Amino acid sequence: MAWSWRYETADGTVLDGSALPDELFASRGDAESWLGETWRELRDAGAERVTLLDEGSPAYTMSLSEEI
């Protein structure tokens, strides 16, 4: 399995660009740990939410907002 993150605006528009990393992960846990370490940088690069992809299929979407 290959896990990855898709970066999006608040309305779900997919972002792509060199400022956003194109990482692949061997496990869901690895992907989630990486996001926990880098979410602020992703937000600063323009991503407002992310979707975790499992072999290209969406697993879940979450906001990068600090608001609870």
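One rule links them: number in the numbering used here = place in the sequence shown (from 1) + 3.
We put the beta carbon where it would ideally sit given N, CA and C, even for glycine.
Computed from a prediction, not measured in an experiment: that's the story for all the values here.
Beta-carbon within less than 7 Å of MET65's beta-carbon, same chain only, minus the 5 sequence neighbours each way: which residues are those?
Counting from 1 along the sequence shown, the entry for residue 65 is found at position 62. Here the set comprises ARG52, VAL53.
May I ask which residues mark the beginning and end of the beta strand (DSSP E) holding ASP19?
Position 16 of the sequence shown, counted from the first residue, corresponds to residue 19. That residue, ASP19, is in no beta strand (DSSP E); it is neither H nor E in DSSP.
Opposite LEU55 in the DSSP bridges: which residues?
Walking along the sequence shown from the start, residue 55 turns up at place 52. Answer is TRP8, TYR63.
Measuring CA to CA, which of ASP19, ALA22, TRP8, ALA48 is closest to SER36?
The sequence position of residue 36 within the sequence shown is 33, counting from 1. When only C-alpha atoms are compared, the closest one is TRP8.
Distance between beta carbons of TYR10 and LEU45, contact taken as under 8 Å:
Along the sequence shown, one-based indexing puts residue 45 at 42. Along the sequence shown, one-based indexing puts residue 10 at 7. Correct: roughly 6 Å between the Cβ atoms.
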